[in-house]
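So the structure is just underneath, and the comments pick up after that.
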Amino acid sequence: MISTSGLARKFGEFWAVQNLNLEVQGGGICAFLGPNGAGKSTTVKMLTGTLAPSAGAATVAGIDVAKEPQTLRRSIGVLPEDLGLFDSLTIEEHLSMSGPIYGLSRAETRERADQLLRTLALDNRRDTFLGQCSYGMRKKTALALALLHNPKVLFLDEPFEGIDPVTSRTILNLLLRLASTGVTIFLTSHILELVERLATQVVVIQHGRIVWNTAVIDLPKPLEELYLELVGAPDEEELAWLGLPPS
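Residue numbering for the sequence shown follows this note's numbering, beginning at 11 and increasing consecutively.
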């Protein structure tokens, strides 16, 4: 469902992503992990058609991301890290205004919006302006927008960041249900405990290159331990400024 071959992106003389070769099967949940600046966001932007690759190729749901970016964006769901919401609109207005963009009729938009608002426990807050919403409510609204047109591929940038445990559980259970119906999910996250419970595939990127790619069931050790071995953890010298005793 997601396939890349030699995918790369260069900014000036700096290669943010290099020679990315990746396959994600339909219905899979791929966790795309790495430290800040590793190339995660650049990769997601290329795969969602908002940033052209400098080299290589990629297809999502059979659509060439470089040649058909507009078709691609109508066919996928995206939860961006900045959420992309408007404080002056209500939760329901966000959904009702977005339906026609994806070719949904007014009735289809209303039906789909009602389903999503109930599922995400937003039904009784549909008339609340986003400027009055908590961050968790804003994130659930952005997720509802990503799911409005029933996409078969979903890209989620840090879906669990900055939200409470109840909202995390709601989103986790929804993603598991979506995957069970064949929706392919590609997500970034720093919350490795949730990733290990949710994902079927783990990919780790470091300095723009993939350094690990395997099924979760084939992990040789706990994900957090493996991740820290791959990307490194601050040593005692780097933490000396805190004045902590040696471990």
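Backbone N, C-alpha and C define an ideal beta-carbon position, used for all residues, glycine too.
- Between the alpha carbons of P175 and G59 lies a distance of about 32 Å.
- When DSSP states are grouped into helix, strand and coil, N46 belongs to the coil group.
- Annotation: the continuous beta strand (DSSP E) that includes L30 extends over 24-34.
- For the pair L140 and F170, the Cα-to-Cα distance works out to about 19 Å.
- Separation of the CB atoms of G49 and V27 is rounded to 4 Å, and the pair is thereby assigned contact status at 8 Å.
- Positions of the alpha helix (DSSP H) runs, each at least 4 residues long and wholly inside the region 98-136, are given as 101-108, 116-129 in order along the chain.
- For the pair P63 and L30, the CB atoms are not nearer than the 7 Å cut-off.
- Beta-carbon to beta-carbon, L89 and A156 are separated by about 5 Å, close enough to satisfy the 8 Å threshold.
- Distance from V226 to L240 at the Cβ level is roughly 15 Å; contact not present, criterion being Cβ atoms closer than 8 Å.
- Assigned with DSSP and collapsed to three states, I12 falls in strand.
- By the C-beta density criterion, A189 is buried, having at least 16 other C-beta atoms within 10 angstroms.
- Bridge pairing for F196: C40, F165 [DSSP].
- In the structure shown, T60 adopts coil according to DSSP, grouped into three states.
- Scanning E103, L99, V54, A68 for the CA closest to the CA of G87 turns up V54.
- With respect to the 7 Å criterion, T100 and D124 are not classified as neighbours on the basis of their beta carbons.
- Taking 7 Å as the cut-off, the Cβ atoms of T194 and M11 count as close.
- When only Cα atoms are considered, I73 and I201 end up about 30 Å apart.
- Per DSSP, the continuous alpha helix (DSSP H) segment holding T180 begins and ends at 175-190.
- Excluding five sequence positions before and after R207, the CB atoms of its chain that fall closer than 8 Å to its own CB belong to L182, given in chain order.
- Distance from the Cα of F21 is smallest, within the candidate group A67, I39, T52, for T52.
- Secondary structure note for L89: its beta strand (DSSP E) is the uninterrupted segment 86-89.
- Secondary-structure assignment with DSSP links D74 through a beta bridge to T69.
- It is roughly 8 Å from the alpha-carbon of F96 to the alpha-carbon of H104.
- Note that the C-beta distance between C40 and F196 is below 7 Å.
- In chain order, L158 place their CB closer than 6 Å to the CB of R122, counting only its own chain and leaving out the 5 sequence neighbours on each side.
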